[in-house]
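Below is one structure, written out as structure tokens; comments come after it.
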Amino acid sequence: MEVLFRNVRELVERATQENKLISEIMIEQEIMITDRSREEIMAQMDRNLTVMEEAVEKGLRGVHSTSGLTGGDAVLLQNYLKKGNTLTGELMLDAVSKAVATNEVNAAMGTICATPTAGSAGVVPGTLFAVKNKLNPTREQMIRYLFTSGAFGFVVANNASISGAAGGCQAEVGSASGMAAAAIVEMAGGSPAQCAEAFAITLKNMLGLVCDPVAGLVEVPCVKRNAMGASNSLVAADMALAGVTSRIPCDEVIDAMYKIGQTMPASLRETGQGGLAATPTGKWLEAKIFGGAVVGSGN
Amino acid sequence: MKFKSVFDIIGPVMIGPSSSHTAGAARIGRVARDLFGIQPTWAKIHLYGSFAETYKGHGTDIAIIGGLLDYDTFDERIKTAFADAEQAGLTYEFIPETAHTEHPNTARIVIGDENREMSMVGISIGGGKTEITELNGFPLRLSGDMAAILVVHEDRSGCIASVSNCLAKYDINIGHMEVSRREKGNMALMVIEVDQNVNAQILKEIGDLPNITQVTRIAD
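Chains as they are written, first to last, in the working numbering: chain A, 1 to 299; chain B, 1 to 220.
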């Protein structure tokens with residue numbers, strides 16, 4: 001298959017040489033690979049954006065999963081935010097609450113757009129709908145945010161992994177956070193090279209992140225990890241926009257992430273058998289939800 | 001490259017909570033139904049690896065049943081698939097297996113009605129992408145790097161030529177092709193990996209050719 005870019009270096013080089021946005025390269029590649037029109041492709045991403053918007057709104061109204069493990073935290077965060085006395089600042093916490101909102105909807109079997117997966121679906125829309133209030137993007141710029149995210153996700157998916165079962169949560173929330181960071185930079189007017197720096201800085205800080213869902217459910221700790229991923233993205237985007245660079249090039253970070261995932265034990269790759277899932281409380285919750293012997297207390 | 005489209009990354013639109021375990025599972029179920037051709041009346045679903053460990057919480061079970069009922073990944077009826085199956089006259093059984101498979105998210109779906117049965121193995125490779133690795137005991141050796149279609153046909157002369165002619169007509173290049181059959185003159189399979197995506201209209205045209213039983217996209 002012929003593609004315009006196979007790694008981040010090629011992606012940034014092409015965008016820089018042709019004086020185009022990362023999102024534009026992704027759109028052009030999509031046109032080339034699928035043989036569909038630009039209008040059709042933009043319209044499909046527009047629909048995905050609408051799904052994300054609706055999920056955030058639904059989550060902010062308050063949802064709860066059937067297991068009872070998650071729900072309602074997005075509302076708590078928004079209420080706290082309205083008091084106007086947050087430590088990390090309004091935009092940061094807004095992004096966090098909207099990331100949580102999306103993942104709470106996901107956990108409650110609501111409709112979401114996998115970005116790049118369902119378990120990590122909160123980070124990209126969470127940051128997008130928060131920076132929207134600050135940067136006032138057009139609808140097209142919001143759609144481009146998703147293409148820029150997608151360009152970096154495309155490289156990770158093909159050169160490493162976006163699956164928690166294959167590579168741990170670093171491959172899911174880690175990738176999502178890097179994707180969001182790169183997209184924020186583009187929307188804020190940064191260069192393609194700065195997008196890549198933001199991606200690298202973000203993913204570096206997510207390396208080694210295990211996938212250890214309690215009771216095997218995409219709830220604990222997934223929802224809060226999306227919150228942390230969103231805040232990580234914003235910090236890395238600011239760093240890249242300030243001119244900070246990653247000493248380790250983006251593609252090498254992605255490669256390191258993949259190799260770490262391969263050497264991670266299976267118990268820490270979405271089997272629900274290690275990490276937080278294997279704690280006494282994790283086991284207790286599992287027994288409570290699915291039956292079986294309940295040992296100890298849940299506290 | 002396993003992931004070709006940006007919508008493999010930003011998408012699919014789906015019912016939560018897991019792209020591999022829910023959306024991927026729904027797609028595997030739906031391909032099984034497609035290959036069977038009509039609504040089956042019974043299903044035995046063997047789950048392996050992570051599917052076996054975590055299927056209940058991820059809704060993998062209801063998603064596969066939803067797929068067998070022809071629901072897409074974003075169809076809200078996935079949530080009521082068990083009740084819908086009862087209404088549609090589909091009985092089902094889930095069998096978690098301990099055997100190790102090549103991929104952590106693997107399902108073997110055996111479906112049928114009073115006349116015939118079919119077995120299929122599907123894997124969920126992440127982000128909602130899936131591949132079919134076996135049909136009725138025939139291993140399907142897909143690279144996963146290319147789009148692929150599966151053509152079930154009767155073992156008659158000219159069948160393979162007519163399918164490849166149709167693809168040529170639409171400028172679709174065949175990258176890899178395998179033909180297999182149980183015994184002479186019986187059911188046979190063509191697995192065709194192609195460089196370009198094969199759209200619904202071309203699939204229909206192939207399906208309408210003489211001696212072709214079923215045409216399905218099994219990787220895209």
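For every residue, glycine included, the Cβ atom is placed at its ideal position computed from N, Cα and C.
- Contact annotation for residue 95 of chain A against chain B: no contact, minimum CB-CB distance about 18 Å [criterion: below 8 Å].
- Boundaries of the beta strand (DSSP E) around residue 149 of chain B: 147-154.
- If you ignore the 5 residues before and after residue 242 of chain A, its C-beta comes within less than 7 Å of no other C-beta in its own chain.
- If you compare the alpha carbons of A/92, A/48, A/74 with that of residue 115 of chain A, the shortest gap goes to A/48.
- Between residue 59 of chain B and residue 18 of chain A, the alpha-carbon positions lie close to 46 Å from each other.
- At a C-beta separation below 7 Å, residue 113 of chain A has these neighbours in chain B: 10, 11, 13.
- Linking residue 86 of chain A to residue 90 of chain B through their CA atoms gives a straight-line distance of about 54 Å.
- In the three-state DSSP reduction, residue 10 of chain A falls in the helix class (H, G or I).
- Counting only the Cα atoms, residue 149 of chain B lies some 15 Å from residue 209 of chain B.
- Taking a cut-off of 8 Å for Cβ pairs, the segment 78-96 of chain A and the segment 201-211 of chain A do not touch, as fewer than three such pairs fall below it.
- Residues of chain B whose Cβ lies closer than 7 Å to the Cβ of residue 146 of chain A are, in chain order, 10.
- Only buried fits residue 73 of chain A, as 16 or more other CB atoms lie within 10 angstroms of its CB.
- Taking residue 13 of chain B as the centre and dropping the five residues before and after it, the same chain places the C-beta of 74 closer than 6 Å to its C-beta, in chain order.
- For residue 143 of chain B, none of the residues of chain A pass the 7 Å Cβ criterion, the least Cβ distance being about 11 Å.
- Checking the DSSP bridge columns, you'll see residue 134 of chain B partnered with B/121, B/139.
- Rounded to the nearest whole angstrom, the CA to CA distance from residue 209 of chain A to residue 176 of chain A is 13 Å.
- Between residue 2 of chain A and residue 37 of chain A, the alpha-carbon positions lie close to 18 Å from each other.
- Along the length of the segment 49-113 of chain A, whole alpha helix (DSSP H) runs at least 4 residues long occupy 73-82, 90-107, reported in chain order.
- In the DSSP assignment, residue 177 of chain B forms a beta bridge with B/192.
- Taking 8 Å as the threshold, the shortest C-beta distance from residue 106 of chain B to chain A does not fall below it.
- For residue 8 of chain A, same chain residues with a beta-carbon under 6 Å away, outside a window of 5 residues either side, are 155, 196, 250, 251 in chain order.
- The C-beta of residue 244 of chain A has fewer than 16 other C-beta atoms within 10 Å across all chains shown, which makes the residue exposed.
- Sixteen is the threshold: since fewer than 16 other Cβ atoms of the shown chains lie within 10 Å of the Cβ of residue 171 of chain B, the residue is exposed.
- When CB distances to chain A are screened at a threshold of 9 Å, the residues of the segment 35-61 of chain B falling below it are 49, 50, 53, 54, 55, 56, 57, 58, 59, in chain order.
- Distance between residue 36 of chain B and residue 70 of chain B, taken at the CA atoms: about 12 Å.
- Pairing residue 166 of chain A with residue 46 of chain B, the inter-Cα distance amounts to about 21 Å.
- At a cut-off of 8 Å, the C-beta of residue 7 of chain A has no neighbouring C-beta in chain B.
- Between residue 84 of chain B and residue 275 of chain A, the alpha-carbon positions lie close to 37 Å from each other.
- If you look at residue 74 of chain B, you'll find it isn't in any alpha helix (DSSP H); DSSP assigns it neither H nor E.
- Here DSSP, grouped into helix, strand and coil, assigns residue 107 of chain B to strand.
- Of all residues in the segment 77-101 of chain B, those with a C-beta nearer than 9 Å to a C-beta of chain A are 78, 79, reading in chain order.
- Pairing residue 100 of chain A with residue 107 of chain A, the inter-Cα distance amounts to about 10 Å.
- In this structure, residue 217 of chain B sits away from residue 130 of chain B, with a CB-CB distance that is not shorter than 8 Å.
- Non-local C-beta neighbours of residue 169 of chain A in its own chain, meaning closer than 7 Å and more than five positions away in sequence, comprise 209, 210, 211, 225, ordered along the chain.
- One thing to note: residue 179 of chain A has its Cβ no nearer than 8 Å to the Cβ of residue 253 of chain A.
- Nearest C-alpha to residue 189 of chain B among B/169, B/115, B/175, B/212: B/212.
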